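Chains as they are written, first to last, in our numbering: chain A, 455 to 717; chain B, 161 to 517; chain C, 29 to 328.
The beta-carbon is built from N, C-alpha and C at its ideal position, and this holds for glycine as well.
In this text, all values refer to a predicted model and were calculated from it rather than measured experimentally.
Take a look at the structure below.
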Amino acid sequence: MNRGRIGAWLALLFGVLYFFVPLLGTFEFSLRYLRGHYSLEAYRIVLADPRFTATLTYSTVLAFATIIVGVVLVVPTAYWIQMRLPALRPVVEFITLLPLVIPAIVLVFGYLRIYNSTSVLPLTGTERATDLLLMFSYTTLSLPYMYRAVDTGLRAIDVHTLTEAAESLGAGWSIILLRVILPNVRAAVLSGAFLTFAIVIGEFTMASLLDRPAFGPYLQLIGANRAYEPSALAIISFAITWGCMGLIQISARGAPGQTAGAH
Amino acid sequence: MTFLEIDNLQKRFAQTTAVEHVQLGVTRGEFVSLLGPSGCGKTTTLRIIAGFEFPSSGAIRLDGVDITRRPPNRRNVGMVFQSYALFPNMTVAENVGFGLKVAKKPALEIKRRVDEMLNLIKLPALGNRYPYQLSGGQQQRVALARALAIQPQVLLLDEPLSALDAKIRVALRNEIRSIQQKLGITTIYVTHDQEEALSLSDRVVVMNEGRVEQIGTPFQIYNFPRTAFVASFVGTLSVLHGQVIDPAAGKILVDGQEIVASRGLERARAGDVCAVALRPEIVALGEGGGDENRMRGTVEEVNFLGSIVRIRVRIKDNAISLDTFNNPRLPPPQRGEAVTVSFPREAVLALEAPPST
Amino acid sequence: MAQVTHPAIGPPRAAPPWAGQLSWTWVGVVPFFVFALMFLILPTGFLAVGGFQDGRGHFTLRNLLDLFQPTILSSYLISVKVSAASAIGGALIGFALAYAAIAGGLPAWVRPTLMTFSGVASNFAGVPLAFAFLATLGRTGLATVLLIKLFGFNIYSAGFNLLSFAGLTLTYMYFQIPLMVLIIAPAIDGLKREWREASANLGASAWEYWRYIALPILWPPLLGSALLLFANAFGAVATAYALTGSSLNIVTIMLFAQIRGDVLHNQNLGYALALGMIFMTAISNAAYIRLRGRSERWLR
């Protein structure tokens, strides 16, 4: 038994090193801007860059829009499947798993082909329309996580009885969804929302190919041209991801871990 | 001749002492139960014998050999787990033969022994089934066969029947006992069910909060409980708390009423607090005869159980339970009725004071 | 993905009177299906069909055959190698970590901490991850410099280069390992402690326990998770783009270039490239699902 325990500690040590050394390295690198001594100069430069604020704002706004669209799309659907159409559950679950199987780059390739300026729905015609397309792309990316979180949350409450109680008190379906169901799956929705936020902020592929001024392409641009600022950005980015995950833990409290993000 | 010796065992976990001063000598072929409520240390004791825990102090000796520090895979004891713990990826036959395979016995011998074991548990046709295809009772029998296949010196069972339905439990426990007697294997059986312990064992070890309260045959434990805990855990004895008035005469004051115990108070002193137990079947309603004890009280509860009527009579701070046979011509008393109960002097069992913590 | 348990819910009730005819019950899910059609099924279908067409829209297998030309084939091969290497490495290390935290006898706080950190680390991917590894294992990175200072060992002289197959694999493993930890945890939970004890009780050593009991039960979820990791790596592009750029020509990089500027000079070949990618990830995921169901049969 004791030999096994040493092995376990060694494995853990290795994991800790693998996880923390890159972070330490990045942080150390980001402090090297001024030759000779450590400083936060790189951070100062990054935060003062107008493109930083612009792209971060753009991605944040897009993230919020994605979350709202995601909730509006997923919650009624999950509710409807549980209440009225349980036979369709396998179909819907399969669809929600498709974004995990089909790589993001393939999806955006498809969007560019069928929604370009020559198609019926020219979503790439104008900048605003492309923003819309990008938002829908992000909704697709976050669909598996959002759906699973909400579905789990719905199963934890007795949807049928709650609905019947509300109906007997005279509520129509929109009231039921807004006032009865949604508040009860708040924790699940929040955890899906924070995950979506982390996905959108860090996403590169779709934003780059749709040529929108998001945070991801900005990161890559800085990386291609500068030496120390990328590390500072990486630390900032990590802090944002960490913050989101922390908020998920606080709001979900025990929901199974989820993963996502631009790879 | 002590075959398995458990010598002054103690086990501490961080803040709690799970097992303390456990001393027991088991003879070869004996069936001993460790009986007690959850958390009393019975399972910990069993796991120490099996080798899954090492005691903080004390020793385990098997046939004279000290096995306290031996790893669990070199002890030659067979264990039947509460959750059966059958290996899900192996058939019944492979499960039963696992110990032999690990001991590198030849395939033919393994097959012979597995068939023998399957016949012993009366499931000869299930060799090719997987555990998930079996019922709970069948899985438990297979677990027993698996433990016995390696011909262990001691058989350990950890609440093997607690996950099963009541009817299967009774049938299976008798089967376990008959197999044990047929093979003559020394057995330690952990349970919280006193009926199980009393009906199966040669001796019972009653445990509470890590300590041994009493060791004895089922007859001794039930009829002569030594402490209040044993009296209340085994059967439905009434325990009365009172004060000793006259130790020589055995007089006690309980709730302001005087009763006499014919023995057991010789070493007490006047003024001592004491506890005595009464078996329900020995208490009767009414004045009784001769020099029997009498107590007056009010009927608190009447449970009509069919052939038996169980009546609880409240004295003041104490209550007495009595069992009386159903009599169609004499309906039981009503709740709130004032009654007198009587019981012979010999029936008053003086209990040891609980050990001061 | 962890199995979700169903609380006992009764059979679906009939639609209430105000729902009208049966067709009304479909209204609630129409938006979802329209969305799925527009942003999942049609785009993928378009590419898939396009892969089988030539420039004038006629059916052809030419594009699929062209996938086997040397540049493209080698691109797929490199993708497979990087994905497989990071999947196997991630699976082994992730399993060791998860097992250590769950069944390794470590203090109780280790497991939830590891799960939380894994949740964070598995999301730290893409461009920032590439920066992190450049800052750590690049020529002037912290780890490189420390190894020279403390051990006199220069990994670059020894032939290592972050901007290579090995470097990308190492970088990928940063999110593969935590992903493995998260996926394999339920399977390790399913390995009951009593089986270990029962096997010891019957005389088996630790090695025999693993050989006869633990590995037979665990290998389907292990292999399945490795396949999931493979698919995960295969579809990744941002990390590679930021780290190795076009110097390491994996399929996703090639596809990226194709989308940007039709470097293949053949639109339909580009579609076939995407189709090939979907094929790889679909097969891996299907195998993962098959394997996941396999040992669950025993563990009921």
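Checklist line | Buried versus exposed call for Asp451 (chain B) [16 or more other C-beta atoms within 10 Å across all chains shown] | finding: Asp451 (chain B) should be labelled exposed.
Next item on the list: Would you tell me roughly how many angstroms separate the C-alpha atoms of Gln49 (chain C) and Glu547 (chain A), rounded to the nearest one?
Entry: Unreliable positioning characterises Gln49 (chain C) in this predicted model, as indicated by a pLDDT of 45, which lies under 50. The coordinate reading is nonetheless provided below. Roughly 26 Å between the two C-alpha positions.
Next item on the list: Could you list which residues in chain C have their beta carbon closer than 8 Å to that of Tyr565 (chain A), in chain order?
Entry: The answer, in chain order, is Phe67 and Pro71.
Check: Got a sec: which bits of the stretch 123-151 of chain C sit with their beta carbon under 8 Å from any beta carbon on chain A, in order along the chain?
Finding: For the stretch 123-151 of chain C, the residues whose beta carbon sits under 8 Å from a beta carbon of chain A are, in order, Ala124, Leu125, Tyr127, Ala128, Ala129, Gly132, Gly133, Leu134, Val138, Leu142, Met143, Thr144, Phe145, Ser146, Gly147, Val148, Ala149, Ser150 and Asn151.
Checklist line | Three-state class that DSSP yields for Glu461 (chain B) in the structure shown | finding: Secondary structure at Glu461 (chain B): strand, using DSSP grouped into helix, strand and coil.
Next item on the list: Evaluate the contact criterion for the stretch 607-616 of chain A versus the stretch 557-567 of chain A: three or more CB pairs, one atom per stretch, below 8 Å.
Entry: No, the stretch 607-616 of chain A is not in contact with the stretch 557-567 of chain A.
Notebook entry, point to check: Applying a beta-carbon distance threshold of less than 8 Å, which residues of chain A neighbour Leu105 (chain C)?
Noted result: Within chain A, no residue comes near Leu105 (chain C); the closest Cβ sits about 18 Å away, beyond 8 Å.
Notebook entry, point to check: List, in order along the chain, the chain A residues whose C-beta lies closer than 8 Å to that of Gly169 (chain C)?
Noted result: Those are Gly479 and Phe483, listed as they occur along chain A.
Notebook entry, point to check: Taking 8 Å as the CB-CB limit, is Thr713 (chain A) close to chain C?
Noted result: Its pLDDT being 47, under 50, Thr713 (chain A) is placed unreliably in this model, and the value from its coordinates should be taken loosely. By this cut-off, Thr713 (chain A) is an interface position.
Check: Would Pro206 (chain C) pass as a contact of Ser150 (chain C) if the rule is Cβ separation under 8 Å?
Finding: By the CB criterion at 8 Å, Pro206 (chain C) and Ser150 (chain C) fall inside the cutoff.
Notebook entry, point to check: Hey, how far is the Cα of Met699 (chain A) from the Cα of Trp235 (chain C)?
Noted result: Met699 (chain A) and Trp235 (chain C) have their C-alpha atoms some 38 Å from each other.
Check: If you measure from the beta carbon of Phe630 (chain A) to each beta carbon in chain C, is any gap under 8 Å?
Finding: At residue 630 (chain A) the sequence reads Ile, which differs from the Phe that was named. At a cut-off of 8 Å between beta-carbon atoms, Ile630 (chain A) makes no contact with chain C.
Notebook entry, point to check: What beta strand (DSSP E) runs, 3 residues minimum, are completely inside the stretch 196-270 of chain B?
Noted result: Correct list: 217-222 and 237-240.
Next item on the list: Please confirm if Trp326 (chain C) has its CB atom under 8 Å from at least one CB of chain B.
Entry: At least one chain B Cβ lies under 8 Å of Trp326 (chain C).
Next item on the list: Counting only the same chain and skipping the five closest in sequence on each side, list residues whose C-beta sits under 8 Å from that of Gln242 (chain B).
Entry: Only Asp318, Glu319, Pro320, Ser322 and Ala323 meet the Cβ criterion.
Next item on the list: Indicate the three-state DSSP secondary structure (helix, strand or coil) for His614 (chain A) in the structure shown.
Entry: The answer is helix: DSSP assigns His614 (chain A) an H, G or I state.
Check: Beta-carbon separation of Ile348 (chain B) and Leu316 (chain B) under 8 Å?
Finding: Against a cut-off of 8 Å, the Cβ pair of Leu316 (chain B) and Ile348 (chain B) comes out as a contact.
Check: Hey, is the stretch 467-482 of chain A in contact with the stretch 665-677 of chain A, meaning 3+ C-beta pairs nearer than 8 Å?
Finding: The answer is no - the stretch 665-677 of chain A does not touch the stretch 467-482 of chain A, with fewer than three Cβ pairs under 8 Å.
Check: Would you say Tyr497 (chain A) faces chain C, with C-beta separation under 8 Å as the test?
Finding: At a cut-off of 8 Å between beta-carbon atoms, Tyr497 (chain A) makes no contact with chain C.
Notebook entry, point to check: How long is the line joining the alpha carbons of Leu644 (chain A) and Val58 (chain C), rounded to whole angstroms?
Noted result: Answer to the nearest angstrom: the Cα atoms are 24 Å apart.
Item checked: At least three beta-carbon pairs within less than 8 Å, the stretch 188-198 of chain B to the stretch 354-373 of chain B -> The stretch 188-198 of chain B makes contact with the stretch 354-373 of chain B, as at least three CB pairs between them are under 8 Å.
Notebook entry, point to check: Tell me the DSSP bridge mates of Phe173 (chain B)?
Noted result: In DSSP, Phe173 (chain B) forms a bridge with B:Thr176.
Check: Who are the neighbours of Pro244 (chain C) on chain D, taking C-beta pairs under 7 Å?
Finding: Of the protein chains in the structure, A, B and C, none is chain D.
Next item on the list: Please determine, among C:Phe123, C:Ser312, C:Ala315 and C:Ile183, the residue with the shortest C-alpha to C-alpha distance to Gly376 (chain C).
Entry: The question about residue 376 (chain C) has no answer, for chain C in this structure spans 29 to 328.
Note to self: So the candidates are B:Val399, B:Val443, B:Arg429 and B:Gly416; which of them puts its Cα closest to the Cα of Ala437 (chain B)?
What the structure shows: Comparing C-alpha distances from Ala437 (chain B) to each of B:Val399, B:Val443, B:Arg429 and B:Gly416 shows the shortest one belongs to B:Val399.
Item checked: Met305 (chain C): contacting residues in chain A (beta-carbon distance under 7 Å) -> Chain-order list of chain A residues neighbouring Met305 (chain C): Pro557 and Val560, by C-beta distance under 7 Å.
Margin query: Going by C-alpha to C-alpha distance, which of B:His401, B:Ile475, B:Lys342 and B:Thr396 sits closest to Pro440 (chain B)?
Written below: Per the C-alpha coordinates, the member of B:His401, B:Ile475, B:Lys342 and B:Thr396 positioned closest to Pro440 (chain B) is B:Thr396.
Check: Can the beta-carbon of Arg454 (chain B) be found closer than 8 Å to that of Thr484 (chain B)?
Finding: The beta carbons of Arg454 (chain B) and Thr484 (chain B) sit no closer together than 8 Å.
Check: Who are the near neighbours of Pro378 (chain B) in its chain, counting only those whose CB is closer than 7 Å to its CB and skipping five residues on each side?
Finding: If we look at Pro378 (chain B) and ignore the five residues flanking it on each side, its Cβ neighbours are Leu358, Ser361 and Val364.
Margin query: Measuring alpha carbon to alpha carbon, tell me which residue in B:Ile208, B:Leu308, B:Ile468 and B:Gly238 is nearest Val172 (chain B).
Written below: First, the amino acid is wrong: residue 172 (chain B) is Arg here, not Val. With respect to the C-alpha of Arg172 (chain B), the residue from B:Ile208, B:Leu308, B:Ile468 and B:Gly238 having the closest C-alpha is B:Ile208.
Checklist line | Gln49 (chain C) at chain A interface by Cβ criterion, 8 Å | finding: Model confidence at Gln49 (chain C) stands at a pLDDT of 45, short of 50, so the residue's coordinates are unreliable and nothing is read from them.
Note to self: Taking beta-carbon pairs under 8 Å, can you tell me which members of the stretch 212-224 of chain C lie near chain B?
What the structure shows: Answer set for the stretch 212-224 of chain C: Lys220, Glu222 and Trp223.
Checklist line | Test: Pro248 (chain C) CB closer than 8 Å to a CB of chain A | finding: So no, Pro248 (chain C) is outside the interface.
Note to self: So Thr197 (chain C) contacts chain A; which residues on that side make the cut at Cβ distance below 8 Å?
What the structure shows: Those within 8 Å of Thr197 (chain C) in chain A number zero; the least Cβ separation is about 13 Å.
Margin query: For chain C, check one thing: does any of its Cβ atoms lie closer than 8 Å to the Cβ of Tyr290 (chain B)?
Written below: Yes, because at least one Cβ of chain C sits closer than 8 Å to the Cβ of Tyr290 (chain B).
Checklist line | CB contact check: Val77 (chain C) to chain A, cutoff 8 Å | finding: Not one chain A Cβ lies under 8 Å of Val77 (chain C).
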